[in-house]
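Here's the structure we're looking at; comments come further down.
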Amino acid sequence: MLQECLENVRKMTPLIHCITNYVTTGDVANMLLACGAKPIMADEPKEAAEITACAAGLAMNLGTPGERTIAAMHIAGRRANELGHPVLFDPVGVGASVFRQESAKELLSALHFDVIRGNVTEIKMIYKLYHALFDRHIGEEKAFGTDAVIGKASGVDALASDAVTEGKLSDAVAFVKTAASELHSIVAVTGAVDLISDGMLCYVIRGGREEMSRVTGTGCQLSGLMTAFASANPGNMLTAALAASCTMKTAGEIAWRNLTEEEGNASYRNRMIDAVYRMDGDTLERMADYEVR
Amino acid sequence: MLQECLENVRKMTPLIHCITNYVTTGDVANMLLACGAKPIMADEPKEAAEITACAAGLAMNLGTPGERTIAAMHIAGRRANELGHPVLFDPVGVGASVFRQESAKELLSALHFDVIRGNVTEIKMIYKLYHALFDRHIGEEKAFGTDAVIGKASGVDALASDAVTEGKLSDAVAFVKTAASELHSIVAVTGAVDLISDGMLCYVIRGGREEMSRVTGTGCQLSGLMTAFASANPGNMLTAALAASCTMKTAGEIAWRNLTEEEGNASYRNRMIDAVYRMDGDTLERMADYEVR
Amino acid sequence: MLQECLENVRKMTPLIHCITNYVTTGDVANMLLACGAKPIMADEPKEAAEITACAAGLAMNLGTPGERTIAAMHIAGRRANELGHPVLFDPVGVGASVFRQESAKELLSALHFDVIRGNVTEIKMIYKLYHALFDRHIGEEKAFGTDAVIGKASGVDALASDAVTEGKLSDAVAFVKTAASELHSIVAVTGAVDLISDGMLCYVIRGGREEMSRVTGTGCQLSGLMTAFASANPGNMLTAALAASCTMKTAGEIAWRNLTEEEGNASYRNRMIDAVYRMDGDTLERMADYEVR
Chain R
11 MLQECLENVR KMTPLIHCIT NYVTTGDVAN MLLACGAKPI MADEPKEAAE
61 ITACAAGLAM NLGTPGERTI AAMHIAGRRA NELGHPVLFD PVGVGASVFR
111 QESAKELLSA LHFDVIRGNV TEIKMIYKLY HALFDRHIGE EKAFGTDAVI
161 GKASGVDALA SDAVTEGKLS DAVAFVKTAA SELHSIVAVT GAVDLISDGM
211 LCYVIRGGRE EMSRVTGTGC QLSGLMTAFA SANPGNMLTA ALAASCTMKT
261 AGEIAWRNLT EEEGNASYRN RMIDAVYRMD GDTLERMADY EVR
Chain Y
11 MLQECLENVR KMTPLIHCIT NYVTTGDVAN MLLACGAKPI MADEPKEAAE
61 ITACAAGLAM NLGTPGERTI AAMHIAGRRA NELGHPVLFD PVGVGASVFR
111 QESAKELLSA LHFDVIRGNV TEIKMIYKLY HALFDRHIGE EKAFGTDAVI
161 GKASGVDALA SDAVTEGKLS DAVAFVKTAA SELHSIVAVT GAVDLISDGM
211 LCYVIRGGRE EMSRVTGTGC QLSGLMTAFA SANPGNMLTA ALAASCTMKT
261 AGEIAWRNLT EEEGNASYRN RMIDAVYRMD GDTLERMADY EVR
Chain A
11 MLQECLENVR KMTPLIHCIT NYVTTGDVAN MLLACGAKPI MADEPKEAAE
61 ITACAAGLAM NLGTPGERTI AAMHIAGRRA NELGHPVLFD PVGVGASVFR
111 QESAKELLSA LHFDVIRGNV TEIKMIYKLY HALFDRHIGE EKAFGTDAVI
161 GKASGVDALA SDAVTEGKLS DAVAFVKTAA SELHSIVAVT GAVDLISDGM
211 LCYVIRGGRE EMSRVTGTGC QLSGLMTAFA SANPGNMLTA ALAASCTMKT
261 AGEIAWRNLT EEEGNASYRN RMIDAVYRMD GDTLERMADY EVR
């Protein structure tokens, strides 16, 4: 199943339009090339619709946002929605500023996202913002502590208090299912454990390495991978998102094993992209560690 | 001949002003440093003329274009033309949007480019746009299938149908000579085979590795190299462009040989830049594979 | 002393807000992660104040400046000053354009910088600009040849004629002390020899490798490190800046030793970040080579 998703990416070589931050752009491009897809980065509103029209999927990323890139996201997103291209939203650091929150809210109200991927703190904020759009009260049992978030998010990392631990797994799974169902998107909460749900099922993916968080842009790269996998497997985006998550976690493990003792996070960055480049379906199936809830 | 071109770069250490995309900027900078040149990236219109005045050459790149960077290209290009600095244009993905096409047309009408480098699909589009400027009909025999291009270019890669194969080599050489002659530029069509012409001669350069296309920004890096080589060899820019092309292809071969079995495109990226850093004139002369047509 | 500074970074994991150029962003982010800090890059004026409020320190970098990023620097800088967060200014290539000079002058007049770090040519220009703000004459004995600078700075490297050699060390130390005292900042002139002063003491740091200048962004990375070290050691920023300088030079030596014979500047870039990731306090104390003047 995972193998087939990966092979479809390599057969189709989908062109992925990325409107992304300027911190990790090159790494996202190389990660897309590694998995078999092709990147095109373009954030000028004047060309956003055309660029996305010649691509197979669209990834939007809220890191280093500006008015111009947000405008491009609206234009490209609308066109991609019209064309039925998979659209992924990665709300990087959405809790860190009112500008990001307002931008996210406008995007959520204007566009349909096939996949929303972020760390747990970001996804909780997205859930709150979505509810705020409709001025709805969030039931305590559903909120998974979302009240605690606003105003406390710092930077682009998840809050330690939000971490999806084994002890909080049931609550987290319930939250992700609820969020997916209400947002009408596949929701992927990624971190030490990844949770991916379409509102009905929720995949729980383990593996990877804690040290992946010491490499800038692993989240952005995973968003790129998910968009590529979704674009090459449009009929089964939930499985596609699962396959992308397993590919990233497996690559993180292989890359760590390949690190020599004097190497650190810069080499780890390269070795993860390398591991995706070398990934074969058998290895992916064998090393993937997931269950359905 | 190639050796001398490379040595001139290392002796002169030309400062190259790059107005380039934000995907591959760091790699272009490191590639320029690898060959012996020095990079300065600057795309603010307010300083574009001054920055280019203290540089030895100017490289413009149409990836991730915006109104501000296009304005900077006009200002810097005009000043570089006045000062007689070599100016290179890399029309990344020019077929992908009307905005890129219109921007390219305006740049072609306002500036003189010493070198235009792109993949075959990009150069065919540039040729068409240039003709459109003067509302001229392109003779069928000259067009090398340029009619097929518009509206079909997807992303930043060449179309498979445009690929310069050995079977189509004569036609491709004729096209590149015609384009160079009419555009009054050295034209470099690069890909599996590179073709570089000043309108009279056309160098055909073989070698390199297909896998170079799985690394983001190898084209941008080659444009950087060509600008550095042209700036350090202003009296013979055709040979300079040839030497840059051979340097890149040779580096691609050496880097591939140096890859270990667990490495992929991220390490390949580094190893190519490393190979240029370590390149000596003898190796370059020995490994370069080109002929004149 | 150095060890403690490094350990404080790893204990506190300070979030560093960077308003920086788009050439070296990813490397700065990975360098911050390597030392134990966390990066957030954000240059939208609308969110600059909020982002900096949730960070522990602020690094501003004048490479690839634009009106929008300069505006963000003013907003973020003012807020960071109010909050007492360490603010570092890296005036990349300030001599290269009037736009950079005017922008630097406005920043110098509006904000307090805890640390100003640059190469000798940049710091001399900053000193001149600061004096020009108050229309003051610079005494010949203090100027360390600053008259020679204006109009000659080319690119982002120090002028060879400005180089801090052992023969000119006393004059250079006197200049850095004067500059620090008058600018009310810790001033760090970095290059083959680093000089760091608070106006009273001046540390002279040797070591590192000449080849570090063949890697793009080592200066930007050092600025990132200094901001992280200052933020985690706010009570002793002079020692913090010294520790950051020693960390970078030591990493440059270790990384060079780890280079294999086919590797060049791209691998060197990675290996320096890796060396910071692996740096332990003992190694830092043992390899650091500095004296006080």
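Chains as they are written, first to last, in this note's numbering: chain R, 11 to 303; chain Y, 11 to 303; chain A, 11 to 303.
Glycine residues also receive a C-beta, built at the ideal position from the N, C-alpha and C atoms.
A quick note: this is a predicted structure, and the numbers were derived from the prediction, not measured.
Backbone CA spacing between residue i and residue j [nearest angstrom]
i             : j             : result
residue 303/A : residue 205/A : 10 Å
residue 22/Y  : residue 218/Y : 27 Å
residue 36/A  : residue 79/Y  : 21 Å
residue 292/A : residue 11/A  : 11 Å
residue 109/R : residue 72/A  : 24 Å
residue 233/Y : residue 92/A  : 46 Å
residue 278/R : residue 225/R : 7 Å
residue 151/R : residue 276/R : Only weak support is given to the placement of residue 151/R: the predicted model assigns it a pLDDT of 48, under 50, and the question is left unresolved by the model.
residue 32/Y  : residue 52/Y  : 11 Å
residue 223/R : residue 77/A  : 33 Å
residue 181/A : residue 261/R : 53 Å
residue 174/R : residue 201/R : 8 Å
Same chain, Cβ closer than 7 Å to residue i, five either side skipped, listed in chain order
i            : result
residue 19/R : 45, 46, 47, 238, 239 and 242
residue 17/R : 291
residue 83/A : 29, 70 and 117
DSSP three-state assignment for residue i, whether helix, strand or coil
i             : result
residue 55/R  : helix
residue 18/Y  : helix
residue 243/A : coil
residue 45/Y  : helix
residue 11/A  : coil
residue 361/A : Residue 361/A falls outside the range modelled here, since chain A spans only 11 to 303, and no answer is possible.
residue 121/Y : coil
residue 251/R : helix
residue 28/A  : strand
residue 128/Y : strand
residue 227/R : coil
residue 93/R  : helix
residue 64/R  : helix
residue 216/Y : strand
residue 72/A  : coil
residue 99/Y  : strand
residue 198/A : strand
residue 160/R : For residue 160/R, the predicted structure reports a pLDDT of 42, less than 50, and the residue's modelled location is therefore unreliable. The matter cannot be settled from this model.
residue 295/A : helix
residue 174/Y : coil
residue 104/Y : helix
Short Cβ contact (9 Å threshold) for residue i with residue j
i             : j             : result
residue 227/Y : residue 74/Y  : no
residue 117/Y : residue 144/Y : no
residue 165/R : residue 50/A  : yes
residue 136/A : residue 68/A  : no
residue 86/A  : residue 29/A  : yes
residue 65/A  : residue 121/A : no
residue 130/A : residue 168/A : yes
residue 286/R : residue 235/R : yes
residue 280/Y : residue 280/A : yes
Spatial neighbours of residue i in its chain, beta-carbon cut-off 8 Å, leaving aside the 5 residues before and after
i             : result
residue 215/R : 203, 204, 205, 206, 252, 255, 256, 259, 298, 299 and 300
residue 183/R : 205, 207, 212, 214 and 303
residue 139/A : 104, 111, 114, 115 and 118
Proximal residues to residue i (C-beta, below 6 Å), its chain only, five neighbours per side dropped
i             : result
residue 101/A : 72, 114, 128, 132 and 136
residue 296/Y : none
residue 55/Y  : 81, 82 and 85
residue 41/Y  : 231, 234 and 283
C-beta neighbour in chain D for residue i, strict 9 Å
i            : result
residue 91/A : Here chain D cannot be found, since the structure's protein chains are R, Y and A.
Scan the segment 96-128 of chain Y for residues whose Cβ lies nearer than 7 Å to a Cβ of chain R and list them as they occur along the chain. Taking 7 Å as the Cβ-Cβ cut-off against chain R, the residues of the segment 96-128 of chain Y that qualify are 103, 106, 107, 108, 109 and 110.
Chain Y contacts made by the segment 56-89 of chain R, where a contact means CB separation under 8 Å: Within the segment 56-89 of chain R, contact with chain Y at the beta-carbon level (separation under 8 Å) is assigned to 56, 57, 60, 61, 64, 65 and 78.
Selection of the segment 25-51 of chain R by Cβ proximity to chain Y, strictly under 7 Å: For the segment 25-51 of chain R, which is checked against every Cβ of chain Y, the residues closer than 7 Å are 25, 32, 35, 36, 39, 40, 43, 44, 48, 49, 50 and 51.
Between the segment 264-275 of chain A and chain Y, which residues of the former have CB atoms less than 7 Å from a CB of the latter, in chain order? Correct list: 272, 273, 274 and 275.
Residues of the segment 226-243 of chain A with Cβ closer than 8 Å to any Cβ of chain Y, in chain order: Residues 226 and 227.
Output needed in chain order: residues of the segment 286-297 of chain R with a Cβ under 8 Å from some Cβ in chain Y. Those residues of the segment 286-297 of chain R that come within reach of chain Y (Cβ to Cβ, closer than 8 Å) are 286, 287 and 288.
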